[in-house]
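Presented below is the structure to which this report refers.
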Amino acid sequence: MTAGLAAAVLANTVTAFASNSALTLNAAYNGSNKRALVVNNCPYDVYLWSVVNEQGCGEPFILKTGGSYRENYREDEHNKGVGVSIKLAKENQCKGVAITQLEYFLDQSTDTNFLDVSYVDCSKELYGGDCPGRKDGYYLKAGNADVATVADANNPHCPTFSCDSMESCDKTSYVNPDDVQTKSCPIDNPLDFYLCGKNGNTETDPEPSSSSEKQETPTPSSTPVKQEANVVAVAQVTSAPVEQPKVHNVWTEVVYVTEYQTVNVNAKRHNHGHVHRRFHA
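So for the sequence shown, my numbering puts the first residue at 116; every next one is plus one.
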């Protein structure tokens, strides 16, 4: 390879990294419903990277307290079966520190978004589990429904759930690579992830924040009504709850762990180093 060709390849690589940085992706968000939203309700800054196909982390997007990040869903352009990992850390490092990952994979063949929250890179042994939203909780909502979608034989996806401690968050997230915690939702539905705080509100999403701006954390417009559900072991399958009628202007939280379509799960997991190899992001 000539020096000129090598320089051109390097320039193209740098350009690709820059175009895929979280800063660029947030700035390019076009208002589409096909998007991932991350809101930082934590009392500390969170560093965010959006990584696909092991392309490197690039410059982080800094989520201040009350700040938000959006990106249009990133599709598997080369049909390699890879997903996206939105990496979240308390330090300006995307490897070798305690990291929370919000992961999604768009399966065009089934019009399905496979998604999960992962603490696989937030080891209690190495890092004390001190990654964003593990000890202090998170709220996740997949889909458009104001009332949580219950899991049954005909609609086993689009969860809304929350946790407020390491014990409860570990029951709805990947802790070990062989856990079964992948969820699914239609490919054109949004994904909302609120760090630190179990009350999320997507009726009035915050505007995308810059890495240096602060904004008020959205609050629910009405008092949430909680619906309790038993959490079972990861390897088990919860019985299908009776579908609840939709009540307008009422927030319902459903907390459950369900094993979904194991064959598809094994094909959509995230690849970051030595873990989550089957997701291939």
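Glycine residues also receive a C-beta, built at the ideal position from the N, C-alpha and C atoms.
Leaving aside the five residues that flank G243 on each side, the residues in its chain whose CB is nearer than 8 Å to its CB run, in chain order, A213.
Pairing S299 with K250 gives a Cβ-Cβ distance that is not under 9 Å. In the DSSP assignment, the residues bridged to Y309 are V154 and Y254. Secondary structure note for N187: its beta strand (DSSP E) is the uninterrupted segment S183 to N187. Assigned with DSSP and collapsed to three states, T139 falls in helix.
Of the candidates D160, G171 and Y184, Y184 places its Cα closest to the Cα of N145.
Using a Cβ distance threshold of 9 Å, N304 and G258 count as a contacting pair. Beta bridge pairing from DSSP links E218 with S200 and D231. Taking a cut-off of 8 Å for Cβ pairs, the region 198–212 and the region 145–162 touch, as three or more such pairs fall below it.
For K205, no alpha helix (DSSP H) run applies, since DSSP gives it neither H nor E. Beta-bridge analysis with DSSP links S299 to F229. For P301, the closest alpha carbon among the candidates H272, P175, G196 and A143 is that of H272. Between T297 and F229, the beta carbon gap of about 5 Å places them in contact (Cβ cut-off 8 Å). One thing to note: Q208 has its Cβ no nearer than 9 Å to the Cβ of S233. The DSSP-derived three-state label of C278 is strand. When secondary structure is reduced to three states using DSSP, Y159 falls in the coil class, being assigned neither helix nor strand.
With fewer than 16 neighbouring CB atoms inside 10 Å of its own CB, S224 falls in the exposed class. By the 16-neighbour rule on beta-carbons within 10 angstroms, G248 is buried.
DSSP, read as helix, strand or coil, puts S283 in helix.
Distances from the alpha-carbon of Y254 to those of N168, C157 and T139 put C157 closest. Per DSSP, the continuous alpha helix (DSSP H) segment holding Y242 begins and ends at K239 to Y242. Counting of Cβ neighbours within 10 angstroms places A137 among the buried residues, the total reaching 16 or more. Here DSSP, grouped into helix, strand and coil, assigns S288 to coil.
Taking C-alpha positions only, V235 is separated from E174 by approximately 23 Å.
When secondary structure is reduced to three states using DSSP, S224 falls in the coil class, being assigned neither helix nor strand.
By the Cβ neighbour-count rule, D293 is exposed, with fewer than 16 other Cβ atoms within 10 Å of its own. Exposure of A142 is indicated by the presence of fewer than 16 other C-beta atoms within 10 angstroms of its C-beta.
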